[in-house]
Amino acid sequence: MVINLNTKKSTLWTPNFTIITLGTIISAIGGVAVNFSFSFVVLDNTQSTLLAGIFLAISMIPGTLLPILISPYLDHFKRKPIIVGIDAFNGILYLAFGVYLMVNKYNFLSFTLFSLVTGSTGTIYQLAYTSFYPNLIPEGYAQKGYTVSSMIYPTVMIVMNPVASLLYKNFGMGWVCMIEGVLLLCASLMETQIKVKEMVSHKGHFSLKEYCKDLSEGIRYLKKEKGLQRIYSYMPITQGISQGSGNLIKAYFMTTPGLGITLYSIFTIAEFIGRTIGGIIHYRVEIKAQKRFRFAFLVYQMYSFMDMILLWIGYPFMLLNRSICGFLGINSATLRESSVQNYIPDDKRAKLNAVFQATFSLSGMLFSVIIGGLGEIVSYRMAIVIMSLINMSLCYFIMYRGREKVKEIYNHIY
Numbered sequence: 100m101v102i103n104l105n106t107k108k109s110t111l112w113t114p115n116f117t118i119i120t121l122g123t124i125i126s127a128i129g130g131v132a133v134n135f136s137f138s139f140v141v142l143d144n145t146q147s148t149l150l151a152g153i154f155l156a157i158s159m160i161p162g163t164l165l166p167i168l169i170s171p172y173l174d175h176f177k178r179k180p181i182i183v184g185i186d187a188f189n190g191i192l193y194l195a196f197g198v199y200l201m202v203n204k205y206n207f208l209s210f211t212l213f214s215l216v217t218g219s220t221g222t223i224y225q226l227a228y229t230s231f232y233p234n235l236i237p238e239g240y241a242q243k244g245y246t247v248s249s250m251i252y253p254t255v256m257i258v259m260n261p262v263a264s265l266l267y268k269n270f271g272m273g274w275v276c277m278i279e280g281v282l283l284l285c286a287s288l289m290e291t292q293i294k295v296k297e298m299v300s301h302k303g304h305f306s307l308k309e310y311c312k313d314l315s316e317g318i319r320y321l322k323k324e325k326g327l328q329r330i331y332s333y334m335p336i337t338q339g340i341s342q343g344s345g346n347l348i349k350a351y352f353m354t355t356p357g358l359g360i361t362l363y364s365i366f367t368i369a370e371f372i373g374r375t376i377g378g379i380i381h382y383r384v385e386i387k388a389q390k391r392f393r394f395a396f397l398v399y400q401m402y403s404f405m406d407m408i409l410l411w412i413g414y415p416f417m418l419l420n421r422s423i424c425g426f427l428g429i430n431s432a433t434l435r436e437s438s439v440q441n442y443i444p445d446d447k448r449a450k451l452n453a454v455f456q457a458t459f460s461l462s463g464m465l466f467s468v469i470i471g472g473l474g475e476i477v478s479y480r481m482a483i484v485i486m487s488l489i490n491m492s493l494c495y496f497i498m499y500r501g502r503e504k505v506k507e508i509y510n511h512i513y
């Protein structure tokens, strides 16, 4: 239980919500630059989509193992100190790795080990953040709050992807990591100003008996929630396919004459412009509860179709393609996140988010390697067509055929 001490006014923009939003923006600026650069570093140095897929899969191992192990434990601790502490720790870690890269050349092992460490801290952070964030949104503003949250990274990416491209090409990963380190320390300092009174059980002491009890409780709850089962069977699959296909899209840009990293950065901006516009509209115009599932299902199918044709059209049409996907995608993502997080009881959020995060990571690992390997066998374009058709089929069988149960979550009023 969390008591929000800054909810006097009937507004979304309470001091707590403002602080968490600004802190997220600051850390996102560096995070976008790092993620953009890391997404190219293996491809750039090995020219292999399979190795890039393996690197991505290895970096997801913590996200597969840690959530299930630590989530019941996390529910007995205050989440604000975890968020603040991990931001500070990661800031120091990125600064140290930046210095290391200044004096050492590219090494696959060092990048892999670093991604495992940051993946571990990031997994813990994400669990704490996801379960803490809903409590900083004033009652009645959930959909608007999640719209703001979902707009942060798209908006930052519009500015930072071209900047990250220039930093990576002209200065290297070392400087990118050092900038991220400084920004994370700033975010940590800002987040200390959040004023909440968190009520936790067992006074933060770990008990194996309570751990097993909490874990089994979360599993029992999930077993009876057929709608949640379907949502989090399909969402990891579509996310995994998207991550794996992303490596092939990068490889296509790097190997196709007339394209390249700079045009790829502009290509990503098109999607995030669409996301930003979609987010602004969603912030002002809420989709009616009874129409949420229908809208989300159409977006899922549309997104897969747009992926399927993406690499077969000219560059200007690629930009239009991504803009449309961004516009539609942010609305469906916001609906899903706000619906699910407000449907799950507060005392079960961390445990269930852990299960969901683990399945997301496991799916990402599998599809990154599978699609990376597929890209070594067939053309990048054909590989994406194959995976898009699989995605569309699974969306129908999992989401649409179980729509009555899924609607109970998507269409409920909150």
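For the sequence shown, position 353 (counting from the first letter as 1) is numbered 452 according to my numbering, and the numbering increases by one without interruption.
A virtual CB, placed ideally from N, CA and C, is assigned to each residue, including glycine.
Range covered by the alpha helix (DSSP H) that runs through residue i
{"i": "K504", "result": "R502 to Y509"}
{"i": "C276", "result": "M272 to E290"}
{"i": "G428", "result": "Y414 to Y442"}
{"i": "N346", "result": "K325 to T354"}
{"i": "E370", "result": "I360 to R383"}
{"i": "I489", "result": "Y479 to L493"}
Local Cβ density within 10 Å of residue i, reported as buried at 16 or more and exposed below that
{"i": "K450", "result": "buried"}
{"i": "I102", "result": "Residue placement at I102 is flagged as unreliable, the pLDDT there being 47, under the threshold of 50; the coordinate-derived value follows with that caveat. With fewer than 16 other Cβ atoms within 10 Å, it is exposed."}
{"i": "L327", "result": "buried"}
{"i": "N260", "result": "buried"}
{"i": "M100", "result": "Any answer about M100 is weak, because its pLDDT of 48 lies below 50 and its placement is not dependable; what the coordinates show is given next. That one is exposed."}
{"i": "R500", "result": "exposed"}
{"i": "F270", "result": "exposed"}
{"i": "E238", "result": "exposed"}
{"i": "E475", "result": "exposed"}
{"i": "G152", "result": "buried"}
{"i": "V439", "result": "buried"}
{"i": "Q389", "result": "exposed"}
{"i": "Y245", "result": "buried"}
{"i": "G413", "result": "exposed"}
{"i": "V454", "result": "buried"}
{"i": "T354", "result": "exposed"}
{"i": "G373", "result": "buried"}
{"i": "S315", "result": "exposed"}
{"i": "P444", "result": "exposed"}
{"i": "R448", "result": "buried"}
{"i": "V202", "result": "exposed"}
{"i": "F416", "result": "exposed"}
{"i": "F496", "result": "exposed"}
{"i": "G339", "result": "buried"}
Helix, strand or coil at residue i according to DSSP, with G and I counted as helix
{"i": "K179", "result": "helix"}
{"i": "V133", "result": "helix"}
{"i": "K204", "result": "coil"}
{"i": "Q400", "result": "helix"}
{"i": "M159", "result": "coil"}
{"i": "Q242", "result": "helix"}
{"i": "P233", "result": "helix"}
{"i": "W411", "result": "helix"}
{"i": "T110", "result": "coil"}
{"i": "K387", "result": "coil"}
{"i": "Q456", "result": "helix"}
{"i": "Q146", "result": "coil"}
{"i": "I512", "result": "coil"}
{"i": "G152", "result": "helix"}
{"i": "G472", "result": "helix"}
{"i": "G184", "result": "helix"}
{"i": "G357", "result": "coil"}
CB contact check: residue i to chain D, cutoff 9 Å
{"i": "L288", "result": "You won't find chain D in this structure, because it holds only one protein chain."}
Segment contact, 8 Å Cβ cut-off, at least three pairs: the segment 340 to 354 with the segment 218 to 225
no
Evaluate contact between the segment 138 to 146 and the segment 247 to 259, counting only Cβ atoms and requiring at least three cross-stretch pairs below 8 Å.
no
Below 8 Å, how does it come out for the segment 472 to 490 and the segment 400 to 413: are there three or more Cβ pairs, yes or no?
yes
Check whether the segment 177 to 186 and the segment 470 to 485 touch, using three or more Cβ-Cβ pairs below 8 Å as the test.
no
Is it a yes or a no for the segment 358 to 378 touching the segment 458 to 470, going by three-plus beta-carbon pairs under 8 Å?
no
Spell out a yes or no on whether the segment 135 to 142 and the segment 425 to 433 are touching, meaning 3 or more CB-CB pairs, one atom from each, closer than 8 Å.
no
For the segment 391 to 399 against the segment 271 to 283, do three or more pairs of beta-carbon atoms, one drawn from each stretch, fall closer than 8 Å, so that the two count as touching?
no
Sufficient close CB pairs (3 or more, under 8 Å) joining the segment 229 to 243 to the segment 113 to 129:
yes
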